[in-house]
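Engineer:
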C-alpha cells in the first residue's frame, strides 16, 4: 500500500483531499490511479517531480513501491 | 568612421601639428580611460596621437625648485620614485590609488587630469600642492594652475591643437605635509564617491601658517575650498580646527546624487575625509620639522 | 554505500588536467574560435524598457558594404514548444522571443535585430543604421508596480498558474502563485511567546561570470548545423536552438568550449539561434560575442525580491509557526525561482504550522536565469535574519536556537517528503565548536551567523571509459567542466581501476560524441555524472576481469579485481595477478578494445546544508564596511577533490558577500540600467576579502557509491544573512534591505 500526500497547491484539484492510499505495484500504476480518481490533477502533476520515500525522481514510472511507501509531488527545481 | 589612425610623433611640435590638423584626433597617453571609452562607444576619435615616444613626455626630473612630471609618465614610475614619495606622500599615495597594479603600469597622472573627471584621484592632491600644468599648442607653450585646469565634467582648458606636456610641482616649504583620502565601497578598482586632499605647513611652534584643501567628486570639477583652509590656518591643528575644516568642506560641496551615492551622503563623507586627511597631513608636517 | 570503504584516490588533491592551459591562457573559450570566411554578428538592442515595435527598416543596414545578412524577429519562428530539461520545463517560445523580439521590446537591451558583416565594426555600424519605430509604453520595474491596481500589463495573454488568489484580477503580471502549508497557522502564532515579522528586499543581481557569452555557428547548404559555444549544457543548446528554429536536433552538432563561469546564467540560449539564422542567410559562418554591457543588460540576472517573513517562537526557542510571502521579479517572461524560494525558505527547521506563498511576477527587466541555488539566497536572507532577531530577543545563542529546531533524518521537509540523512545538526555543531565563533571582536566589529539550504539535482548523465594499449585510460562525459569536474571524474576512474590520476585523461565531448547529458548545473555533475563515470569504469573493470579469465583460461567467476589488478580466486590460484597495463597490452588478442559505458537517471542527491560565520567592521562615519574574518562550514557528503570543494565554498561565499554588500542593478525611472559594467556593478575584488576559511563536514549521501552530495550551490545561500546579522551586531541596526552599501548604512546609522 502506498500513500500519496497532496500539497496545498494540489488539494484544489482533489476536492480538498490531502492524502490517498492505494494498492499498486509501481509508480506508473499509482499515477494512473491518482489521475483516474482526480482527473484535474493530470495537468499539474505532469510537470512535477515525484518523491518516493524521500528520494526525488523526475520520471520514476517503473519504480517498485514498498510496503508503506510515501509519495509526494514536488515542484521541479532548476539549479544553477 | 570605421577605422582610426594611430600616430606616434616623436616631438611635441609634431604632436601639436597632428592635433591641430584633425580636430577629431585625441592624444593618447596610457589609454586606460580613453580606450575603455572608445570600446564602449562613448568616444569615436578619428586618430590616436600617442605621446609616449616624445622625449620629456615620459619621466620625472627633480631639482631644487620642484618636480617636472612628464604628462605621459606611468603612475607606477611615480609610485616608485622615493624622493617624490618623501616630499609629497599624499600626492604619491593618490597616484597609487589609480586603477590597479596593471592599470598603473600604463595610466598616467597627466591622463588622469586631462580625462577631466570630477572624481579624479590625483587632481586634488596636485591642486593642494600648487601644481602647474605645462601646455604646448600652436602658439607655443603656456603654463596654468592645475586648479582651474578642468572646467567641467570631462572639460578642460585645453584649446584645439593643445596638449598637456608636463606637470610641475614646487618643492614644499619646510614643515609641510600633505594627504589624500577617498571613499570607495571596495578596496580598489573603483571610482571615488568623494575625495579630499589637504596640505598644511606648520611653523616650528606647531602653528599652521599655510593650508590648502581640495575636494573631489562633490562638484562638477575638483574644488579648492578656501574656507576649509582658513579653518586650519593660525591654529595648532587641534581637533576642533579639524572638525571646522571638515564642516567647511561639507558646506562647500555641490554634490549630486547618482549611482555612486546620494548628494547628502557625499556631502557628509567629504567632511569626514577632509578632517581625517587634515589630521594625517598635520602629523606629516610635524614629523618633517 | 559502505561507510567503511577506504579510498586510495578519492579525497586527494591531484593537479587538474585542464589547469596548465587555463593558467597560461592557452585554453580555448567561447570567443577564441574562428573559421575561414567567418562573419561577425552584432545585435541591435532596444533603448526602451517597454515598447511596441511598430516597424523595422533594415534597408540601410543591408546596403552597407560588407554586410551579408540582417535579421529581425520575423526570422525566428514563434513557437509553443517546450523542452523538458529534467528540471523545470523550458518554454521555447519566450526563449526565442527573448533572443530576438517579435512584437514588443520588454526590457532595455532586448534584441530587436542582428547583422552579420565582414568585420565587427561594420556589423556595429550597420546595426546603428537600422530604423526601428517604437511605441514607447510605461515600464513596470518593480514587483510593487507590477501588482498595483491598474498596472501596465506586459503580456496580454498571461494567466496566473498554480493557485491564484480568489479575487485575483484577470489581466495580470503574476505568472504563478504557489502555496505550501501545514498545520494550524493561527493556533501556532497564538501559542507563540514572541513573534517577529519583517519585510526584506534584495536587489536584482547578475551572476557576474567573467567570460561573456560567445558562439560561432555554421549553417551548411545541406541543413547540417555546427555550433561552437560557451555553455553549461551543449545538449540544451542543441535542443533549444533546434526547437526554437524548428530544425531536427539530429542536424545540429554543438561543440562546447572551455567555460569562464556560468553559475546558472549559461543555461539559456541567447546568441546561438541568431548566429544560426544569420549563417543560413549569409551562407558563411557567423561569430557572435556579447560585450560586458550586453551581458548585464540582456543575460543572466537573478530576481530582485521582496519577502515578508513572520516567525513565532516559544520562550525556550521552539519555533511554532511561520508565514511567508515571497514576491520575485521574473524579468520580462515568467520563470523566476519564487517556487524554489518557497520550498527553501524554512527548510532547515521543523516548524509545525506554516503557510508560505510565492509569486512569480513579470517586470520590464531582463528575463532572469538560474543563479546558484536559484531562489534560496533571498528567501533564506529573510528567514535567517528573523531567526537571528528571535535569538537576540530571547537572549539565546543563535546557533543553539537553530540546533533546537534543526531538521534531521526522518523529519518532513516543508515541501512534503521526509529527509534522508542530512548534515544540518553536524554543521551547526561544527560551527559552534569552531574557534572563530568564540574569537574576540575588535572595536566597531560585529559577528553574524546564518544557515543555508539547497536541493542537489540528479538527472541524466552518460560516460564512457576507454583503455589504451599502454594501460592508460580516457574518460569521456558531456558536461562542460566549471568547477573541476574533469579531474574528479578521472579520480573516480583511478579509484575503480587502480591506475594513477595522471594516466587518466578526462574529456568533455560534443553532442555527437557521447550520449545525452543534462546540463552542468544543480550541483549535479560530480554526483550524477560521477555515478555514470563509476559505472563506466566498473564496466571496463568487469571487461578486464573477463579478459584475465580468457588469458588464464578459467571461468570468469574465478577472477576478482583488487587494487588495479585482476587476481585469481579459488581454482586459478596458480596464476600471477594481471595489472591493467598487462591486460590492456593483450586487448587485441583477448577480444578487441575495452570500452566501459555508464548511463544514469539519478534521483536528487538529497539536500545540502551550510553555515557561515561573518565578522564585519564598520566605519560608522562613512558607512563603509569590511569583512574581516569569514568561515564557511558545509555538509559536502564526500569531498572527491577537497581543493575544488573548498573552492566552491569560497566562491559561493564571495558571491553572496557581494550580493549582501554592494551588488545591485540600478535603474533610472525610465527603466534604463545605469551600471552595466564591473566598475559600478560592484562585485568584490580579491583585496576586499579575507581568506575564506572552510570546514568540510562529510555526511555520506546513501544514493551515491562514495557518498557524494552536490556542493556547488548551497555556499551562496548563507552569506546574505550572515553579513546582515554581522552588520546588526556591529551597529545595533537591523538591516532588511540589501545591499548594505555605504550610503544605505550611513543613512540608517544617522537615523535620517
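Residue numbers (the numbering used here), protein chains in the order written: chain A, 5 to 84; chain B, 12 to 300; chain C, 7 to 758. The beta-carbon is built from N, C-alpha and C at its ideal position, and this holds for glycine as well. Only a predicted model underlies this, so the values are computations on that prediction, with no experimental measurement involved.
#1: So the candidates are C/587, C/700 and C/625; which of them puts its Cα closest to the Cα of residue 640 of chain C?
#2: Note down, in chain order, every chain B residue with its Cβ under 7 Å from the Cβ of residue 371 of chain C.
#3: Tell me the rounded alpha-carbon separation between residue 225 of chain C and residue 43 of chain C.
#4: Rounded to whole angstroms, what is the Cα-Cα separation between residue 135 of chain B and residue 208 of chain B?
#5: Quick one, are the C-beta atoms of residue 132 of chain B and residue 235 of chain B less than 8 Å apart?
#6: List the residues of chain E that residue 271 of chain B touches, going by C-beta distances under 8 Å, in chain order.
#7: Of the residues C/534, C/329 and C/12, which one's Cα is nearest the Cα of residue 204 of chain C?
#8: For residue 16 of chain C and chain A, any beta-carbon pair shorter than 8 Å?
#9: Leaving out five residues on either side along the sequence, give the residues of the same chain with a beta carbon under 7 Å from the beta carbon of residue 156 of chain B.
#10: Go to residue 512 of chain C, then tell me how far its beta strand (DSSP E) extends in each direction, as first and last residue.
#11: Kindly say whether residue 198 of chain B, judged by its beta-carbon, lies nearer than 8 Å to any beta-carbon of chain C.
#12: Quick check on residue 277 of chain C: does DSSP put it in helix, strand or coil?
#13: So is residue 45 of chain C buried or exposed if we call it buried at 16+ other beta carbons inside 10 Å?
#14: Helix, strand or coil: how does DSSP classify residue 758 of chain C here?
#15: For the beta strand (DSSP E) containing residue 7 of chain A, name the first residue and the last one.
#16: Hey, does residue 377 of chain C have any beta-carbon neighbour from chain A nearer than 8 Å?
#17: Thinking residue 250 of chain C and residue 375 of chain C are a contact (beta carbons under 8 Å), I'd like their distance in whole angstroms, please.
#18: Tell me the rounded alpha-carbon separation between residue 233 of chain C and residue 355 of chain C.
#19: Consult DSSP for residue 105 of chain A and reduce its assignment to one of helix, strand or coil.
#20: Between the alpha carbons of residue 7 of chain C and residue 49 of chain C, how many angstroms are there, rounded?
#21: Taking the alpha helix (DSSP H) that residue 61 of chain B falls in, what are its first and last residues?
#22: Give the straight-line distance between the Cα atoms of residue 12 of chain B and residue 57 of chain B, rounded to the nearest whole angstrom.
#23: Per DSSP, residue 641 of chain C forms a beta bridge with which residues?
#24: Find the residues of chain B that neighbour residue 680 of chain C, judging by a C-beta separation of less than 9 Å, and give them in chain order.
#25: Is it a yes or a no for the region 633 to 647 of chain C touching the region 579 to 589 of chain C, going by three-plus beta-carbon pairs under 8 Å?
#26: List, in chain order, every chain C residue whose beta-carbon is nearer than 8 Å to that of residue 194 of chain B.
#27: On the CB-based measure, 16 or more other CB atoms within 10 Å of its CB, does residue 19 of chain A come out buried or exposed?
#28: If you measure between the beta carbons of residue 289 of chain B and residue 180 of chain B, is that distance less than 8 Å?
#29: Comparing the C-beta of residue 46 of chain A with each C-beta of chain C, is any distance below 8 Å?
#30: Quick check: is any heavy atom of the ligand SAH less than 7 Å from the C-beta of residue 611 of chain C?
#31: Leaving aside the five residues before and after residue 414 of chain C along the sequence, list all residues of the same chain whose C-beta is less than 6 Å from its C-beta, in chain order.
#32: Tell me which same chain residues have a C-beta within less than 6 Å of the C-beta of residue 672 of chain C, skipping the five on either side of it?
#33: Our contact map puts residue 190 of chain B next to residue 295 of chain B with C-beta atoms below 8 Å; I'd like the distance itself, whole angstroms only.
#34: Just the Cα atoms here: how many angstroms apart are residue 51 of chain A and residue 31 of chain A?
#35: Looking at C-beta atoms only, is the number of pairs between the region 477 to 493 of chain C and the region 514 to 526 of chain C that lie closer than 8 Å three or more?
#36: As a quick exercise: from C/290, C/366, C/350 and C/56, pick the residue whose alpha carbon is nearest that of residue 165 of chain C.
Structural biologist: From the atom records:
#1: C/700
#2: The premise fails here: residue 371 of chain C is roughly 16 Å from chain B at the closest Cβ pair, so nothing lies under 7 Å.
#3: 13 Å
#4: 6 Å
#5: no
#6: Chain labels in this structure do not include chain E; the protein chains are A, B and C.
#7: C/329
#8: no
#9: 143
#10: 510 to 514
#11: yes
#12: coil
#13: buried
#14: Residue placement at residue 758 of chain C is flagged as unreliable, the pLDDT there being 49, under the threshold of 50; a coordinate-derived value is accordingly withheld.
#15: 6 to 9
#16: yes
#17: Not quite, the Cβ-Cβ distance comes to about 16 Å (not below 8 Å), so this is no contact.
#18: 46 Å
#19: No information on residue 105 of chain A is available, as it lies outside the stretch 5 to 84 that chain A covers here.
#20: Note that residue 7 of chain C scores a pLDDT of 44, beneath 50, so its modelled location is shaky; the value from the coordinates is reported in the next line. One C-alpha to the other measures close to 52 Å.
#21: From DSSP, residue 61 of chain B is part of no alpha helix (DSSP H) but of the beta strand (DSSP E) over 58 to 61.
#22: Annotation note: pLDDT 46 at residue 12 of chain B (below 50); position unreliable, coordinate value reported separately. For residue 12 of chain B and residue 57 of chain B, the distance between alpha carbons rounds to 7 Å.
#23: C/703
#24: 269 and 270
#25: no
#26: 628, 630 and 748
#27: exposed
#28: no
#29: no
#30: Judged by which ligands are present, the structure shown has none, so any question about the ligand SAH falls away.
#31: 431
#32: 680 and 681
#33: 7 Å
#34: 15 Å
#35: yes
#36: C/366
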